Amino acid sequence: MSSSPADPSAEPLERVINDVVDKHTDDLIDLRRDLHRHPELSWQEKRTTDRVVERLEHAGWRVTPSQRSGALAEIGEGDRVIALRADLDALPVQDITQDPWRSTVPGVAHACGHDLHTTALLGTAEVLAEVHAQGRLPGRVRLLFQPAEEVMPGGAVHLVNNGALEDVERIFALHAEPAVDVGTIGVRTGPITSAADRIEVRLEGSGGHTSRPHLTGDLTFALAKITSELPAVLSRRMDPRAGVSVVWGVLRAGSAPNVIPDQGIAAGTVRILDSVAWAGVEAVVREAVLDIVRPYGVTAAVDYLQGVPPVVNDATSAQIVAQAVDAVLGTHHRTEVPQSLGGEDFGWYLANVPGAMFRLGTRTPGGPTYDLHQGDLRIDEHAVAIGARVMASVALRSLITGR
């Protein structure tokens with residue numbers, strides 16, 4: 000990504016990236032803290048969108064706010080388009096940190112790092128605006144500030160259905176990784192996340208007294224059988240290499256120890272490493288649930304929501320990310336990461352165009368390892384500038400190499 004020898008006055012683009020990010024790092028961190036103080040749930044990200052649009056317009060981007068929340072922005076000219084995506088929404092989780100910038104919204108927190116994703120991409124926007132002002136942006140870059148990543152089917156489907164990927168040849172995104180030290184970027188070719196679906200099983204029976212289970216459908220017993228036997232059935236009906244995982248988050252039935260209830264519910268997630276297995280798992284789940292409850296005299300209704308496919312990084316896009324990391328940070332700042340069982344709706348973009356997601360380390364070296372979706376999540380704020388540098392390098396390298 001060096002500048003042409005015919006133009007000796009032009010700085011190498013890596014230096015432009017670093018200089019612009021250095022200039023804006025303090026105010027980007029301030030913005031990250033502001034977003035963290037004011038988290039908004041899926042499809043409600045109006046204040047967040049307003050802050051994003053204000054910043055983008057000030058930097059010279061052509062901005063199109065979405066009807067509900069979120070925004071698209073574009074800069075540059077030409078037929079070739081590279082897209083970069085960040086997600087905006089927070090989670091219904093209580094912030095239990097003691098940071099001065101902790102959430103001011105009861106029961107809502109940026110417990111997945113989306114405030115970091117958004118701020119890093121705004122830093123990238125500052126870099127690309129400067130590169131464009133110098134006449135050195137060889138194409139167009141489109142930014143997708145996406146709402147509602149945390150719900151199914153999610154904001155990615157909405158943006159894809161409304162043309163966000165029109166003319167896009169590649170798309171990239173980053174994701175906070177609290178198990179990796181800040182300053183390190185996790186790169187992977189192939190699947191980096193898993194498919195994630197949601198399942199809810201509702202049982203109904205006649206109810207009765209616990210002294211006479213033979214005269215009624217023992218709904219609680221049937222519910223327990225579902226929670227233990229469905230994972231067992233899938234382990235034998237699905238290819239074990241697909242890595243199918245069923246984990247329950249909700250079990251609810253009854254209100255008294257001597258009463259067999261007439262209603263009950265089990266809800267959880269089904270996660271699958273393999274996209275081929277993902278296509279067939281719903282039918283197996285529905286059949287298995289009915290078979291499991293049949294002996295117990297209760298009826299079952301299965302609500303199965305196909306959530307997100309795996310995020311599968313194509314080889315060329317992953318190589319672009321790796322080269323971008325090497326260019327702005329150095330090879331010793333890059334590591335290989337394993338596939339996660341976590342779900343990410345970025346997979347819907349990659350079902351339409353090639354691209355890659357990479358992991359942005361957020362752990363302070365020597366410090367504690369936090370977990371995503373927990374109220375105590377803390378990030379090392381050096382990650383803001385690092386994410387902006389890498390994303391800017393990824394976009395420019397993808398356009399310049401023409402792949």
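Numbering (numbering that gives the first Met the number 0), first residue to last: 0 to 402.
Cβ coordinates follow ideal geometry from the N, Cα and C atoms, glycine included.
Only a predicted model underlies this, so the values are computations on that prediction, with no experimental measurement involved.
Would you give the residue range spanned by the alpha helix (DSSP H) that residue i belongs to?
{"i": "Gly354", "result": "It is not in any alpha helix (DSSP H) - Gly354 instead sits in the beta strand (DSSP E) that spans 354-362."}
{"i": "Tyr303", "result": "Tyr303 -> not in any alpha helix (DSSP H); beta strand (DSSP E) instead, spanning 298-307."}
{"i": "Val62", "result": "First-last for Val62: 61-64, but that is the beta strand (DSSP E), not the alpha helix (DSSP H)."}
{"i": "Gly386", "result": "381-400"}
{"i": "Arg57", "result": "A small fix is needed here, since residue 57 is His in this sequence, not Arg. Segment 45-58, the alpha helix (DSSP H) holding His57."}
{"i": "Val107", "result": "First-last for Val107: undefined, no H or E at that position."}
{"i": "Val150", "result": "Taken as a continuous stretch (DSSP letters only), Val150 belongs to no alpha helix (DSSP H), as it is neither H nor E."}
{"i": "Leu40", "result": "Leu40 -> no alpha helix (DSSP H), and no H or E assigned at all."}
{"i": "Tyr348", "result": "345-349"}
{"i": "Arg293", "result": "Where Arg293 is concerned, there is no enclosing alpha helix (DSSP H), given that its DSSP letter is neither H nor E."}
{"i": "Ile225", "result": "218-236"}
{"i": "Glu129", "result": "113-132"}
If you draw a straight line from the alpha carbon of residue i to that of residue j, how long is it in whole angstroms?
{"i": "Gly204", "j": "Thr298", "result": "7 Å"}
{"i": "Ile28", "j": "Trp60", "result": "21 Å"}
{"i": "Ile385", "j": "Thr192", "result": "22 Å"}
{"i": "Thr24", "j": "Val389", "result": "14 Å"}
{"i": "Ile264", "j": "Glu168", "result": "44 Å"}
{"i": "Tyr295", "j": "Val245", "result": "22 Å"}
{"i": "Asp98", "j": "Pro353", "result": "39 Å"}
{"i": "Leu121", "j": "Glu281", "result": "39 Å"}
{"i": "Gly248", "j": "Gly374", "result": "17 Å"}
{"i": "Arg67", "j": "Leu158", "result": "11 Å"}
{"i": "Ala411", "j": "Gly207", "result": "Limits of the chain in this structure are 0 at one end and 402 at the other, which puts residue 411 out of reach."}
{"i": "Trp42", "j": "His57", "result": "24 Å"}
{"i": "Arg251", "j": "Thr63", "result": "44 Å"}
{"i": "Thr363", "j": "Gly346", "result": "29 Å"}
{"i": "Pro38", "j": "Phe171", "result": "24 Å"}
{"i": "Thr116", "j": "Ile259", "result": "The amino acid occupying residue 116 in the given sequence is His; Thr does not appear at that position. Roughly 48 Å separates the two Cα atoms."}
{"i": "Trp277", "j": "Ile271", "result": "6 Å"}
{"i": "Ala317", "j": "Ala128", "result": "24 Å"}
{"i": "Gly365", "j": "Gly253", "result": "47 Å"}
{"i": "Arg187", "j": "Asp313", "result": "9 Å"}
{"i": "Leu229", "j": "Val269", "result": "11 Å"}
{"i": "Ala231", "j": "Ala321", "result": "39 Å"}
{"i": "Thr361", "j": "Arg377", "result": "8 Å"}
{"i": "Asp370", "j": "Leu328", "result": "25 Å"}
{"i": "Pro256", "j": "Arg285", "result": "30 Å"}
{"i": "Pro212", "j": "Arg293", "result": "15 Å"}
{"i": "Gln338", "j": "Thr215", "result": "46 Å"}
{"i": "Phe144", "j": "Glu44", "result": "10 Å"}
{"i": "His332", "j": "Asn17", "result": "16 Å"}
{"i": "Asp344", "j": "Gln305", "result": "11 Å"}
Please check the pair residue i and residue j, which I expect to be a contact at CB under 8 Å, by giving their CB distance rounded to whole angstroms.
{"i": "Pro146", "j": "Leu87", "result": "5 Å"}
{"i": "Val80", "j": "Arg139", "result": "5 Å"}
{"i": "Ala403", "j": "Thr123", "result": "Because the chain in this structure spans residues 0 to 402, residue 403 falls outside the shown range and cannot be described."}
{"i": "Ala178", "j": "Thr368", "result": "6 Å"}
{"i": "Pro309", "j": "Pro190", "result": "5 Å"}
{"i": "Leu55", "j": "Ala72", "result": "5 Å"}
{"i": "Thr48", "j": "Gly77", "result": "Contact flag wrong, Cβ pair sits at about 27 Å."}
{"i": "His372", "j": "Val20", "result": "Contact doesn't hold; Cβ gap of about 28 Å is too wide."}
{"i": "Ser102", "j": "Arg36", "result": "6 Å"}
Do residue i and residue j have their C-beta atoms within less than 9 Å of each other?
{"i": "Phe357", "j": "His174", "result": "yes"}
{"i": "Gly267", "j": "Arg197", "result": "yes"}
{"i": "Ile225", "j": "Val288", "result": "yes"}
{"i": "Ile291", "j": "Ala221", "result": "yes"}
{"i": "Leu218", "j": "Asp261", "result": "yes"}
{"i": "Ser227", "j": "Ala323", "result": "no"}
{"i": "Ser397", "j": "Ile319", "result": "yes"}
{"i": "Gly341", "j": "Ala155", "result": "no"}
{"i": "Leu359", "j": "Gly185", "result": "yes"}
{"i": "Val104", "j": "Ala89", "result": "yes"}
{"i": "Val383", "j": "Arg31", "result": "yes"}
{"i": "Thr183", "j": "Thr334", "result": "yes"}
{"i": "Leu164", "j": "Asn351", "result": "yes"}
{"i": "Asp325", "j": "Val181", "result": "no"}
{"i": "Val15", "j": "Gln133", "result": "yes"}
{"i": "Val336", "j": "Glu176", "result": "yes"}
{"i": "Leu40", "j": "Glu149", "result": "yes"}
{"i": "Ile399", "j": "Pro137", "result": "yes"}
By DSSP's criteria, residue i is part of a beta bridge. Which residues make up the other side?
{"i": "Trp247", "result": "Gly267"}
{"i": "Leu143", "result": "Leu71, Arg84"}
{"i": "Glu13", "result": "Bridge partners of Glu13: none, in fact."}
{"i": "Asp196", "result": "Val269"}
{"i": "Asn312", "result": "Gly189"}
{"i": "Leu90", "result": "Ala108"}
{"i": "Glu203", "result": "Gln262, Thr298"}
{"i": "Ala323", "result": "According to DSSP, Ala323 bridges with nothing at all."}
Which residue marks the beginning of the beta strand (DSSP E) containing residue i, and which one marks its end?
{"i": "Thr334", "result": "333-335"}
{"i": "Pro177", "result": "167-180"}
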